[in-house]
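Asker: Here it is, the structure, as structure tokens.
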DNA sequence: CGTTTTACTTAGCAAGGCTAATGAGGTAGA
DNA sequence: TCTACCTCATTAGCCTTGCTAAGTAAAACG
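And the structure:
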């Protein structure tokens, strides 16, 4: 049984290597990482989000998120609608074009990783899914 | 139960986020990701590298790598020495200060992650350890 | 030799991170 | 009520770090 420090080193190296490998798989697409991440949040969790909520979710400053959202709005993938109750807020939601591009991009983008996961046993995939959750928990500490 | 494509997306995002978080734990706040990556290559593989080799290793253009190396040279973490045989090449190698900053950064990164792992249950740590193995397997495909 | 190739460098553009500052809308206390 | 403060979104402007195009120097080749 490895020590916790050894597990740390292993996990760190595996994370860096997989991240690099995934980055290298990045296909040619019009959407940048940051842009796709925003569309992904809106798509998966549905409904609308405010700018501040999106910025917090992606751990990015409000102005940075504003720029990304501007870009996506110009591309017609999302719309801002002023909040009826609190006029300071603008509710951001996907357009049909936004939903379409997310659907189209997900399969293409993760094609490589999906293929790798399909080659694993159901149990191993479950382990990786649980690990992804745990990694998410670690990050928020 | 999530689809394999959804698991893919989750794992990719978790990997990127954890990698980003780990990278944030660096010894010298003045050192950027790209810069530390170069020092890391020189440290792990020892000896010297040419600019082109570093650019290929980091999958970055030669001019980009040139700028990064310029910056590290100014900071005193590496030195260029003209190749005696082929005068076009400049051999890039770590200084003592460069080795020190890499050692300090590695320790700090693992310290942070080790603390996080210690807070988990034994089972969760085992899941992450197994996941690290699986990730290693995926990378070699 | 002269031409081509290779290695590095310089110049300039784009993307996307940040902070500071602004404006407009909401909230609360004297 | 009205003033002071807070919050949300945005604009302006800076920095880093990708990129390509183009330039220089050295090596290799025919």
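Chains as they are written, first to last, in the working numbering: chain A, 1 to 141; chain B, 1001 to 1141.
Ideal Cβ positions, reconstructed from N, Cα and C, are used throughout, including at glycine.
So what does residue 1091 of chain B bridge to, in DSSP terms?
Answerer: B:1081, per the DSSP bridge assignment.
Asker: Does any CB atom of chain B fall closer than 7 Å to the CB of residue 61 of chain A?
Answerer: No - not a single Cβ of chain B is within 7 Å of the one on residue 61 of chain A.
Asker: How many angstroms separate the CA atom of residue 1004 of chain B from the CA atom of residue 1056 of chain B?
Answerer: Whole-angstrom Cα-Cα distance: 32 Å.
Asker: As a quick exercise: from A:41, A:7, A:18, pick the residue whose alpha carbon is nearest that of residue 1136 of chain B.
Answerer: Here the closest residue by C-alpha is A:18.
Asker: Using the Cβ count rule (16 or more neighbours within 10 Å means buried), how would you classify residue 965 of chain B?
Answerer: With chain B represented from 1001 up to 1141, any question about residue 965 of chain B goes unanswered, as that position is not in the structure.
Asker: Hey, which unbroken runs of the alpha helix (DSSP H) at 4 residues or more fall wholly within the stretch 43-81 of chain A?
Answerer: As far as the stretch 43-81 of chain A is concerned, its whole alpha helix (DSSP H) runs of at least 4 residues are 51-57, 62-74.
Asker: Please list, in chain order, the chain B residues whose beta carbon lies closer than 7 Å to that of residue 46 of chain A.
Answerer: Ordered by position in chain B, no residue passes the 7 Å Cβ test against residue 46 of chain A, which lies about 14 Å from the chain.
Asker: Please identify, using Cβ separations under 8 Å, the residues of the stretch 119-135 of chain A that lie next to chain B, in order along the chain.
Answerer: Against chain B - using a Cβ distance shorter than 8 Å - the residues of the stretch 119-135 of chain A are 119, 120, 124, 125, 127, 128, 129, 130, 131, 132, 133, 134, 135.
Asker: At what residue ranges does the stretch 111-138 of chain A contain a whole run of the alpha helix (DSSP H), taking only runs of 4 or more?
Answerer: Fully enclosed alpha helix (DSSP H) runs of 4 or longer: 111-118.
Asker: In this structure, does DSSP put residue 86 of chain A in helix, strand or coil?
Answerer: Three-state DSSP puts residue 86 of chain A in coil, outside helix and strand.
Asker: What are the residues of the stretch 1081-1115 of chain B that lie near chain A, defined by any Cβ-Cβ distance shorter than 7 Å?
Answerer: Per Cβ criterion, the list reads 1109, 1110, 1113, 1114.
Asker: Of the residues that make up the stretch 1001-1019 of chain B, which ones have a beta carbon closer than 8 Å to any beta carbon in chain A?
Answerer: Listed in sequence order: 1002, 1004, 1005, 1007, 1008, 1009, 1010, 1011, 1012, 1013, 1014, 1015, 1016, 1017, 1018, 1019.
Asker: Give the straight-line distance between the Cα atoms of residue 1121 of chain B and residue 1011 of chain B, rounded to the nearest whole angstrom.
Answerer: Roughly 21 Å between the two C-alpha positions.
Asker: Please decide whether residue 1049 of chain B counts as near chain A, where near means a Cβ-Cβ distance under 7 Å.
Answerer: Answer no: the Cβ-Cβ gap between residue 1049 of chain B and chain A never drops below 7 Å.
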